[in-house]
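Chemist:
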Amino acid sequence: MKEKILVTGGTGYIGSHTVVELQTAGYEVIVIDNLSNSTVDSLNGVASITGITPAFEKIDCCDKLALDGVFKKHQDIKAVIHFAASKAVGESVEKPLLYYRNNLVSLLNVLECMTENKVPNFVFSSSATVYGQPEILPVTEDAPVQPATSPYGNTKQIAEEVIRDCTVADANLKSVILRYFNPVGAHPSAAIGELPNGIPNNLIPFVTQTAIGLRECLSVFGDDYNTPDGSAIRDYIYVVDLAKAHVIAVERLLACANKTNPEIFNLGTGKGLSVLEILEVFEKATGVKVNRKIVARRTGDIEKVWADPSLANTELGWTAKTPTSEMLSSAWEWEKKLRDSR
Ligand code: UFG
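Numbering of the sequence shown is given in the numbering used here, commencing with residue 263 and proceeding in unit increments.
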């Protein structure tokens with residue numbers, strides 16, 4: 263067994279996939295989650311893949327005392343990967359205080375507990391949302407951060423600043439900030455995947471739920487963008503590729519190989535696909551038709567964004583290799599398994 267890694271939000275979508283990759287790489291993983299947007303079942307999925315059930319603490323990171331207790335109980339934690347956060351853009355507009363409290367208080371608590379318990383290495387889940395609509399595509403890490411269009415986006419920007427300030431103040435704290443583009447798909451075993459609460463906000467769960475007949479029709483938000491087919495473009499990245507980048511980030515910090523502090527990396531494929539292209543790939547890969555209608559643009563959506571992932575490619579030796587058809591097929595397999603089991 264290698265070092266102990268604490269994963270907050272480890273029962274969630276990206277968290278659970280990352281726990282699998284950490285365990286596969288030999289790390290001992292401790293998972294914290296308040297289960298507000300996930301269930302502990304995902305750890306059974308993890309165990310069915312890796313043969314190891316990680317230690318689990320049902321803790322809210324906003325509860326500093328409880329969080330500190332986890333650091334005290336599991337001595338000698340070497341790194342923290344902090345996923346725990348609320349992530350629905352629309353909900354954040356309606357409930358800003360919930361988002362500021364949940365996403366920022368938890369971050370402050372995690373950083374304080376790390377300092378007090380002498381845990382030096384920190385990996386943070388950030389988002390391409392910090393770029394807004396970039397002027398130059400593909401977008402690089404040094405592109406200007408744009409004023410946030412939602413409280414959710416703002417929490418990611420503020421969090422990045424908090425981390426930057428803390429690394430300046432404390433030379434012992436080392437951090438990697440990962441800016442995700444659009445994570446999709448499920449583990450190839452279909453033992454873990456995305457479990458949206460209620461009506462999905464994100465495209466792929468809505469596509470799979472429509473394909474399986476749970477939703478009548480997918481609304482394509484806008485066909486009048488300045489893109490080749492008029493629908494909006496994103497950089498869809500396979501969640502397993504994304505998870506693997508976290509293991510590399512941890513290894514880089516443990517080896518003291520980071521070149522700046524914090525180090526910031528885009529995690530994307532470098533390829534943009536439109537909503538209509540995604541539907542075409544999904545239908546071809548699965549042989550299932552997706553009912554759709556074109557509706558008005560969704561408020562707050564940007565037109566197009568895709569990553570320049572070359573910094574992560576060269577510095578981390580990481581590439582998002584999985585073809586889009588494979589990502590979408592894995593999402594479909596997961597959806598079918600979910601509905602079979604209910
Ligand atoms: N879309 C539809 N119909 C739907 C859902 C989405 O047409 O029912 C479109 C959107 O308009 C957008 C694309 O599909 O063009 C992707 O939408 P998602 O909601 O899946 O993802 P977003 O790009 O809007 O947002 C995601 C995450 C955010 C994160 C952002 C970073 O949900 O948390 O990526 O770019 F901040």
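Glycine is no exception: its CB is placed at the ideal position from the N, C-alpha and C atoms.
(1) Leaving out five residues before and five after Val424 in sequence, what residues of the same chain have Cβ atoms less than 8 angstroms from its Cβ?
(2) Cutting at 6 angstroms between CB atoms, please list the residues of its own chain near Ile292, excluding the five before and the five after it.
(3) Would you say Asp563 touches the ligand UFG, meaning its beta carbon is less than 7 angstroms from a heavy atom?
(4) With 16 as the cutoff for other CB atoms within 10 Å, does Ala390 come out buried or exposed?
(5) If you measure from the beta carbon of Tyr289 to each beta carbon in chain D, is any gap under 8 angstroms?
(6) What are the partner residues of Asn553, as DSSP defines its beta bridges?
(7) Mapping the DSSP letters down to three states, classify Ser386 as helix, strand or coil.
(8) For Ala593 and Val567, I'd like the C-alpha separation in whole angstroms.
(9) Measuring CB atoms only, is the stretch 408-426 touching the stretch 275-282, in the sense that at least three cross pairs come out at less than 8 angstroms?
(10) Give a yes or no on contact between the stretch 327-336 and the stretch 465-480, applying the rule of three or more CB pairs nearer than 8 angstroms.
(11) What is the rounded straight-line gap between the Cα of Arg559 and the Cα of Gly492?
(12) Suppose the cutoff is 6 angstroms on Cβ atoms and the five residues either side in sequence are ignored; what does the same chain contact list for Ala410 look like?
(13) In this structure, how does DSSP classify Val291 when only helix, strand and coil are distinguished?
(14) Less than 7 angstroms between C-beta atoms, sequence neighbours within five positions excluded: which residues of the same chain meet that for Ala453?
(15) Considering only residues of the same chain and omitting the five flanking positions on each side of Pro467, which have a CB-CB separation below 7 angstroms?
(16) With which residues is Tyr500 paired in a DSSP beta bridge?
(17) On a CA-only basis, which of Asn523, Leu504 and Val355 is nearest Leu435? Give me that one, please.
(18) Kindly confirm or deny that the stretch 500-517 and the stretch 547-562 touch, where touching means at least three C-beta pairs closer than 8 angstroms.
(19) Taking Ile495 and Glu403 to be in contact with their CB atoms under 8 angstroms, please state how far apart those CB atoms are, rounded to whole angstroms.
(20) If you drop the 5 nearest sequence neighbours on each side, which residues of the same chain put their C-beta closer than 7 angstroms to that of Ile556?
(21) Mind checking whether the beta-carbon of Thr391 lies closer than 7 angstroms to any heavy atom of the ligand UFG?
(22) Are Leu541 and Val469 close, meaning C-beta to C-beta below 8 angstroms?
(23) Are the beta-carbon atoms belonging to Leu515 and Val438 less than 8 angstroms from one another?
(24) In the DSSP assignment, the alpha helix (DSSP H) including Phe468 goes from what residue to what residue?
(25) Does the separation of the CB atoms of Val381 and Tyr393 fall below 8 angstroms?
(26) Roughly how many angstroms separate the alpha carbons of Asn364 and Cys428, rounded to a whole number?
(27) In the DSSP output, what is Glu525 paired with across the bridge?
(28) Grab me the residues of Asn379's own chain with a C-beta within less than 8 angstroms of its C-beta, minus the 5 sequence neighbours each way, in chain order.
Modeler: In terms of the structure at hand:
(1) Leu366, Leu369, Leu370 and Leu373
(2) Leu268, Ala317 and His336
(3) yes
(4) buried
(5) Absent from the structure is chain D; it holds one protein chain and no more.
(6) According to DSSP, Asn553 bridges with nothing at all.
(7) Sequence check: residue 386 is Phe here, not Ser. Correct three-state label for Phe386: strand.
(8) 22 angstroms
(9) no
(10) no
(11) 11 angstroms
(12) Asn416 and Gln419
(13) strand
(14) Gly307, Ser310 and Ile311
(15) Glu456 and Pro458
(16) Val446
(17) Asn523
(18) no
(19) Not quite, the Cβ-Cβ distance comes to about 20 angstroms (not below 8 angstroms), so this is no contact.
(20) Val482 and Asp485
(21) yes
(22) yes
(23) yes
(24) Leu465 to Ala473
(25) no
(26) 19 angstroms
(27) Val438
(28) Asp330, Phe333, Lys334 and Ile339
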